[in-house]
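In full-length UniProt numbering, the protein residues as written are 1 to 141. A virtual CB, placed ideally from N, CA and C, is assigned to each residue, including glycine.
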(Lines of atoms letter the chains of each structure in order from A and count residues from 1; the text may use other names and numbers.)
(Lines give C-alpha, C1' and ligand atoms only; values in the text may rest on other atoms or scores of the structure.)
Protein backbone atom coordinates (compact mmCIF):
# COMPACT_ATOMS: atom_id res chain seq x y z
CA UNK A 1 0.00 0.00 0.00
CA UNK A 2 1.22 3.51 -0.81
CA UNK A 3 0.25 6.37 1.47
CA UNK A 4 1.44 9.77 2.66
CA UNK A 5 4.20 9.93 5.25
CA UNK A 6 3.08 10.32 8.86
CA UNK A 7 5.24 11.87 11.58
CA UNK A 8 5.57 8.47 13.26
CA UNK A 9 7.18 7.10 10.07
CA UNK A 10 10.15 9.46 9.99
CA UNK A 11 12.66 7.31 11.92
CA UNK A 12 12.04 4.24 9.74
CA UNK A 13 12.13 6.29 6.53
CA UNK A 14 15.32 8.09 7.58
CA UNK A 15 16.97 4.74 8.36
CA UNK A 16 16.09 3.46 4.87
CA UNK A 17 17.46 6.73 3.44
CA UNK A 18 20.77 6.33 5.26
CA UNK A 19 21.32 2.62 4.57
CA UNK A 20 20.39 2.97 0.90
CA UNK A 21 22.68 5.96 0.36
CA UNK A 22 25.60 4.25 2.10
CA UNK A 23 25.21 1.21 -0.18
CA UNK A 24 24.32 2.87 -3.50
CA UNK A 25 26.78 5.75 -3.16
CA UNK A 26 29.85 3.82 -2.00
CA UNK A 27 31.93 6.44 -3.87
CA UNK A 28 30.90 9.17 -1.38
CA UNK A 29 32.22 9.29 2.18
CA UNK A 30 29.96 7.59 4.75
CA UNK A 31 30.43 10.65 6.93
CA UNK A 32 28.68 12.83 4.32
CA UNK A 33 25.47 10.79 4.63
CA UNK A 34 25.68 10.41 8.40
CA UNK A 35 26.23 14.14 8.89
CA UNK A 36 23.08 14.91 6.84
CA UNK A 37 20.87 12.38 8.66
CA UNK A 38 19.22 14.79 11.15
CA UNK A 39 18.71 17.48 8.50
CA UNK A 40 17.02 14.95 6.20
CA UNK A 41 14.69 13.84 9.02
CA UNK A 42 13.71 17.47 9.55
CA UNK A 43 13.15 18.08 5.83
CA UNK A 44 10.99 14.96 5.45
CA UNK A 45 8.36 16.29 7.81
CA UNK A 46 8.01 19.36 5.55
CA UNK A 47 8.14 17.52 2.20
CA UNK A 48 5.79 15.55 -0.02
CA UNK A 49 6.72 11.97 0.85
CA UNK A 50 4.87 8.76 -0.01
CA UNK A 51 5.71 5.46 1.66
CA UNK A 52 5.25 1.89 0.49
CA UNK A 53 4.07 -0.31 3.32
CA UNK A 54 3.66 -4.09 3.62
CA UNK A 55 2.13 -5.57 6.80
CA UNK A 56 2.49 -2.20 8.58
CA UNK A 57 6.23 -2.11 7.79
CA UNK A 58 7.57 0.64 5.52
CA UNK A 59 9.76 -0.89 2.82
CA UNK A 60 10.35 2.15 0.62
CA UNK A 61 9.50 5.77 -0.07
CA UNK A 62 9.68 8.58 -2.58
CA UNK A 63 10.33 12.22 -1.74
CA UNK A 64 9.08 15.05 -3.94
CA UNK A 65 9.55 18.77 -4.15
CA UNK A 66 6.86 19.84 -6.64
CA UNK A 67 7.98 18.09 -9.89
CA UNK A 68 11.45 17.25 -8.59
CA UNK A 69 12.10 13.75 -7.24
CA UNK A 70 14.40 14.10 -4.24
CA UNK A 71 14.85 10.34 -4.29
CA UNK A 72 13.31 6.90 -4.37
CA UNK A 73 14.58 4.60 -1.64
CA UNK A 74 13.80 0.94 -1.02
CA UNK A 75 14.96 -1.10 1.97
CA UNK A 76 17.91 -3.37 1.23
CA UNK A 77 16.01 -6.63 1.63
CA UNK A 78 13.20 -5.48 -0.72
CA UNK A 79 15.26 -4.05 -3.60
CA UNK A 80 14.55 -5.43 -7.09
CA UNK A 81 11.01 -6.47 -6.03
CA UNK A 82 9.22 -3.74 -8.00
CA UNK A 83 8.67 -1.29 -5.11
CA UNK A 84 10.64 1.54 -6.75
CA UNK A 85 8.56 1.16 -9.93
CA UNK A 86 5.30 1.14 -7.93
CA UNK A 87 6.33 4.35 -6.14
CA UNK A 88 7.39 5.98 -9.41
CA UNK A 89 4.16 4.97 -11.17
CA UNK A 90 2.20 6.39 -8.23
CA UNK A 91 3.75 9.85 -8.61
CA UNK A 92 3.64 9.71 -12.43
CA UNK A 93 -0.15 9.58 -12.03
CA UNK A 94 -0.02 12.83 -10.04
CA UNK A 95 2.41 14.86 -12.18
CA UNK A 96 2.71 15.95 -15.82
CA UNK A 97 6.50 15.94 -15.70
CA UNK A 98 9.19 14.82 -13.29
CA UNK A 99 12.84 15.73 -12.95
CA UNK A 100 15.68 14.34 -10.85
CA UNK A 101 19.43 14.28 -10.46
CA UNK A 102 21.39 11.04 -10.30
CA UNK A 103 25.09 10.45 -9.75
CA UNK A 104 26.86 9.26 -12.90
CA UNK A 105 28.52 6.46 -10.92
CA UNK A 106 25.09 5.11 -9.89
CA UNK A 107 24.61 3.03 -13.06
CA UNK A 108 21.84 0.93 -11.53
CA UNK A 109 19.69 4.00 -10.84
CA UNK A 110 20.39 5.51 -14.26
CA UNK A 111 19.27 2.36 -16.06
CA UNK A 112 16.16 2.11 -13.85
CA UNK A 113 15.11 5.68 -14.68
CA UNK A 114 15.86 5.23 -18.40
CA UNK A 115 13.77 2.05 -18.42
CA UNK A 116 10.95 4.10 -16.86
CA UNK A 117 11.05 6.74 -19.62
CA UNK A 118 13.44 9.34 -18.19
CA UNK A 119 15.85 11.05 -20.57
CA UNK A 120 19.21 12.57 -19.63
CA UNK A 121 18.95 16.33 -20.11
CA UNK A 122 22.36 17.53 -19.02
CA UNK A 123 25.43 16.83 -16.96
CA UNK A 124 26.42 18.72 -13.84
CA UNK A 125 28.41 18.62 -10.65
CA UNK A 126 27.02 18.11 -7.16
CA UNK A 127 28.87 20.84 -5.27
CA UNK A 128 28.36 19.12 -1.90
CA UNK A 129 30.08 15.88 -2.92
CA UNK A 130 32.19 16.87 -5.93
CA UNK A 131 30.53 14.05 -7.91
CA UNK A 132 29.31 14.35 -11.50
CA UNK A 133 25.58 13.86 -11.96
CA UNK A 134 22.93 13.79 -14.66
CA UNK A 135 19.69 15.74 -14.66
CA UNK A 136 16.95 13.49 -16.02
CA UNK A 137 13.45 14.37 -17.20
CA UNK A 138 10.19 12.45 -17.72
CA UNK A 139 7.07 13.90 -19.37
CA UNK A 140 3.53 12.55 -19.48
CA UNK A 141 2.73 11.31 -23.00
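Which parts of the UniProt domain "N-acetyltransferase" (1 to 141) are runs of the beta strand (DSSP E), unbroken and 3 residues or longer, counting only runs that do not cross its ends? Taken in chain order, the unbroken stretches of beta strand (DSSP E) that lie wholly in the UniProt domain "N-acetyltransferase" (1 to 141) and span 3 residues or more are 2 to 4, 48 to 54, 57 to 65, 68 to 74, 97 to 103, 119 to 126 and 131 to 139.
Proximity to residue 13 [Cα-Cα], best of 126, 110, 55 and 41: Closest in C-alpha terms to residue 13, from the list 126, 110, 55 and 41, comes 41.
CB-CB length for residue 146 against residue 61, believed under 8 Å: Missing from the structure shown is residue 146; the chain here goes from 1 to 141 and no further.
Would you say residue 105 and residue 25 are within 9 Å of each other, going by their C-beta atoms? Contact: yes.
On the premise that residue 138 lies in contact with residue 73, defined as a C-beta separation below 8 Å, what is that separation, rounded to the nearest angstrom? 18 Å between Cβ atoms; not a contact.
Distance CB(residue 54)-CB(residue 63) smaller than 9 Å: Their beta carbons are not under 9 Å apart, which means residue 54 does not touch residue 63 by this criterion.
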